[in-house]
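What follows is a set of notes on a single structure, which appears directly below.
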Amino acid sequence: MSRPQATHEVLVDDAKVRVTRWDFAPGAETGWHRHGMDYVVTTLTPCAFLLEEPGGGTRRVDMEAGATYRRDEGVEHNVINAGTLPMSFVETELKN
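Using our numbering, read the sequence shown as starting at 370 and increasing by one per residue.
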């Protein structure tokens, strides 16, 4: 089954960080990707993340608007909006 693609806009890209806003319609996905940098995510709306992970596993993570988390370089996944409403977050990648 084909899913719609999430949209993104790079807001800042300089020597220290790349800041990207991600917007997902219900059911939209990022597509499989590997994070090449440490990163921080801040949710702008409530987010119903369905994470497809290597090896075929999936997990759902629900977060309120304004929540923040960080992950290390190397994370691989496909992020899907499992909710019934649009969701948005800002991702800040740290270039060190």
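Even glycine gets a Cβ: it sits at the ideal position worked out from N, Cα and C.
Note that the structure is a prediction, hence the values are computed from the model and not measured.
Pull the bridge partners of residue i from the DSSP assignment, please.
i	result
S457	D392
L323	It is not possible to answer for residue 323, since the shown part of the chain is limited to 370 through 465.
T376	D392
Measuring alpha carbon to alpha carbon, tell me which residue in the options is nearest residue i.
i	options	result
D441	D383, N465, W391	N465
D431	R439, F418, G443, T437	F418
R429	A451, T412, H402	A451
T376	D392, R387, A384	D392
Q374	T437, V381, R387, A397	A397
S457	E421, T414, A384	T414
Report back the beta-carbon spacing between residue i and residue j to the nearest angstrom; my notes put them in contact at under 8 angstroms.
i	j	result
N447	T399	6 angstroms
E402	G443	Sequence inspection shows His at residue 402; the Glu mentioned does not correspond to that position. With 8 angstroms as the limit, H402 and G443 do not qualify as a contact, their Cβ atoms being about 11 angstroms apart.
E445	M406	E445 to M406, Cβ: 13 angstroms. No contact.
T547	V459	The structure shown has nothing for residue 547, since the chain only spans 370 to 465.
T427	E421	5 angstroms
Could you check the C-alpha separation between residue i and residue j for me, to the nearest Å?
i	j	result
Y408	V379	14 angstroms
I449	G424	17 angstroms
A394	L454	7 angstroms
A384	R439	20 angstroms
V386	R372	29 angstroms
C416	A436	9 angstroms
message: Which complete beta strand (DSSP E) runs does the segment 412-460 hold, if anything under 3 residues is left out?
response: 416-421, 427-432, 437-440, 445-450
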